[in-house]
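Numbering (UniProt numbering), first residue to last: 1 to 447.
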């Protein structure tokens, strides 16, 4: 029996460009990249040099300050280039791929019959430790911790997000083996959250506490699910794993190979071939969607939390969606007048779009305003389903007031939980960045 969780506050954005339920094989990229900035707080220490030959699953770098967490190659090939940025920070590790992958063999392992120590070591040596995040702080989990519970979310509510049931329908065995491994790493429960789509596929999964989640976005955010099921207290650690990442973990135990398969949905009003593609982590975005003009914004992820890409850059490590929307480089005449432009979505009802609740919109990157002071409007609270005060927490983060941040719930949130708040907020402040800086301050001062 599953437990029902109904989220009432939030906002589901209906956008043009949903991917069709069709799975195709993506063209194999000539190069793939692992980007250390995708792993917040990780300072990479390279173990191989440019020109080194790699098998899929070979270690590339490890985390300098938590050396147990290792990062491995998603494909076999040659380490082509290590791109560095300011202060010689490693920005990309680019691998020139072989025509076909050759895998490092870690050996098969029965997770149900293995000890927690053996499972932990297998996760770390194969690079699967990178898939396990922790709350608080939304960073890669410290393998030395013992979490009070583990959450796996197979709920997708973000705009144009890939349907979890479609992605997982042929990966149930690997998913179950991943669950068997996670069960050994906590004395608490492994919580599996599903929606209508994924419930049909995962209803037979054993060894989990099943929760059926319904409601508008951000119901699919794991932070919202933790808040409603097993809230965090000071000193607690909760681990989280994305549903498809768990299948990669499961395959490491079933096959002994790090198979970095990623199902990527091509979405957005400007996308031509809107469907699902079987790809690899860190693929070249242009090999997948073709060359795009300056009139198109390429986003690795969804429109609320994704990162801007240019042609020939690489899809993020955790991203399973590429969104293409029009670049917002046009000026709107008398755009400040209400009810002038009714073909764009407005949560504050400054256009008549609210009269058409089922209409799908074609968003651009226009901000439709400039940065201004935060004012009390109540709009943030309408889309924040957690029992926290979003505006007060944002102000505490801006002021760097650690005591207030703790009292206002900083340990429970991640930047993605404030994506809708940022969208509806009339101040145009980069709220996700503010929350990230606040979390970084807590890591430094509290740990």
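Every residue gets a Cβ at the ideal spot worked out from N, C-alpha and C, and that includes glycine.
(message) With a threshold of 7 Å on Cβ separation, who are the neighbours of residue 53 within its own chain once the five nearest residues in sequence on each side are excluded?
(response) Start at 1 with the first residue of the chain shown, and residue 53 comes out as number 53. Cβ within range, chain order: 78.
### Task
Could you pull the start and end residues of the beta strand (DSSP E) that residue 193 belongs to?
Counting from one through the chain shown, the residue named residue 193 turns up at place 193. That run of the beta strand (DSSP E) goes 190–194.
| query | Is residue 400 closer than 8 Å to residue 441 when the C-beta atoms are compared? | reply | Position 441 of the chain shown, counted from the first residue, corresponds to residue 441. Position 400 of the chain shown, counted from the first residue, corresponds to residue 400. Yes; because the gap between Cβ atoms is below 8 Å, this pair is in contact.
- Message: Within 8 Å, do at least three Cβ pairs link the region 260–279 to the region 162–175?
- Response: yes
contact_flag[the region 139–147, the region 298–308] where n(CB pairs < 8 Å) is 3 or more: no
Whose CA, out of 22, 16, 226, lies closest to the CA of residue 169? As a first step, residue 169 must be located in the chain shown, where it is residue number 169. Checked all of 22, 16, 226; the closest Cα to residue 169 is 22.
Following the continuous beta strand (DSSP E) through residue 287, name the residue where it begins and the one where it ends.
Within the chain shown, numbered from 1, the residue matching residue 287 stands at position 287. First-last for residue 287: 285–289, but that is the alpha helix (DSSP H), not the beta strand (DSSP E).
Practice problem: Between the Cα of residue 323 and those of 417, 16, 112, 8, spot the shortest distance and give me the residue it belongs to. | Solution: The sequence position of residue 323 within the chain shown is 323, counting from 1. Closest in alpha carbon position to residue 323, among 417, 16, 112, 8, is 16.
Where does residue 113 fall in DSSP's three states?
The residue given as residue 113 occupies position 113 in the chain shown. It is helical.
When you compare the CB of residue 292 with every CB in chain C, is at least one pair closer than 8 Å?
Among the chains of the structure shown, chain C does not appear; only one protein chain is present.
Practice problem: Just tell me which of 385, 318, 364, 306 has its CA closest to the CA of residue 330. | Solution: As a first step, residue 330 is located in the chain shown; it is residue number 330 there, counting from the start. The option with the nearest alpha carbon to residue 330 is 364.
*Would residue 280 be called buried (16 or more neighbouring beta carbons within 10 Å of its own) or exposed?*
Here residue 280 refers to the residue found at position 280 of the chain shown. With 16 or more other CB atoms across the displayed protein chains lying within 10 angstroms of its CB, residue 280 is buried.
Of all the beta strand (DSSP E) runs that stay within the bounds of the region 237–306, which reach a length of 3 or more residues?
238–242, 261–267, 275–280, 296–300
_Inter-stretch contact (C-beta, 8 Å, three-pair minimum) for the region 428–435 and the region 308–327_ = no
Checklist line | Delimiting residues of the beta strand (DSSP E) encompassing residue 469 | finding: Beyond the ends of the chain as shown, which are 1 and 447, falls residue 469; an answer cannot be given.
Item to complete: Answer yes if the region 102–112 comes into contact with the region 303–315, meaning at least three C-beta pairs across the two stretches below 8 Å, and no otherwise.
Response: no
* Asked: If you scan the region 384–445 from start to end, which runs of the alpha helix (DSSP H) of 4 or more residues do you find wholly inside it?
  -> 390–399, 402–407, 419–424, 431–445
Notebook entry, point to check: If we ignore side chains and look at the alpha-carbon of each, how far apart do residue 141 and residue 129 end up?
Noted result: Taking the chain shown and counting its residues from 1, one reaches residue 141 at position 141. Taking the chain shown and counting its residues from 1, one reaches residue 129 at position 129. C-alpha separation (whole angstroms): 8 Å.
Notebook entry, point to check: From what residue to what residue does the alpha helix (DSSP H) around residue 77 run?
Noted result: Taking the first residue of the chain shown as position 1, residue 77 is located at position 77. Counting along the chain, residue 77 falls outside any alpha helix (DSSP H), though it belongs to the beta strand (DSSP E) covering 77–84.
What is the rounded straight-line gap between the Cα of residue 203 and the Cα of residue 110?
Translated into the one-based positions of the chain shown, residue 203 becomes position 203. Translated into the one-based positions of the chain shown, residue 110 becomes position 110. Going from the Cα of residue 203 to the Cα of residue 110 covers about 22 Å.
>> Once DSSP output is grouped into helix, strand and coil, what is the label at residue 145?
In response: The count along the chain shown starts at 1 and reaches residue 145 at position 145. Residue 145: coil per DSSP, three-state reduction.
Scan the region 357–384 and note each continuous alpha helix (DSSP H) run of 4 residues or more that stays entirely inside, going in chain order.
The region 357–384 is shown to contain whole alpha helix (DSSP H) runs of 4 or more residues at 379–382, in chain order.
Taking contact to mean at least 3 C-beta pairs separated by less than 8 Å, is the region 243–257 in contact with the region 30–47? no
* On the DSSP bridge assignment, give the partners of residue 210 in chain order. => The residue given as residue 210 occupies position 210 in the chain shown. Paired residue(s): 192.
Practice item. Would you kindly work out how many angstroms separate the C-alpha atoms of residue 10 and residue 49, rounded to a whole number? Key: Sequence index remark: in the chain shown, residue 10 carries index 10 (1-based). Sequence index remark: in the chain shown, residue 49 carries index 49 (1-based). Between residue 10 and residue 49, the C-alpha separation is close to 47 Å.
| Cβ-Cβ separation, residue 421 to residue 380 (assumed contact under 8 Å), whole Å | Counting from 1 along the chain shown, the entry for residue 380 is found at position 380. Counting from 1 along the chain shown, the entry for residue 421 is found at position 421. Right, their Cβ atoms sit about 5 Å apart.
8 Å contact criterion, which residue 476 and residue 232 should meet: CB distance rounded: Any answer about residue 476 is impossible in this case: the structure gives the chain only from 1 up to 447.
Practice task
Specify whether the region 29–36 and the region 76–95 touch according to this definition: at least 3 beta carbon pairs, one from each stretch, less than 8 Å apart.
Solution key: yes
Our contact map puts residue 150 next to residue 241 with C-beta atoms below 8 Å; I'd like the distance itself, whole angstroms only.
Within the chain shown, numbered from 1, the residue matching residue 150 stands at position 150. Within the chain shown, numbered from 1, the residue matching residue 241 stands at position 241. That belief holds up - the Cβ atoms of residue 150 and residue 241 are roughly 7 Å apart, short of 8 Å.
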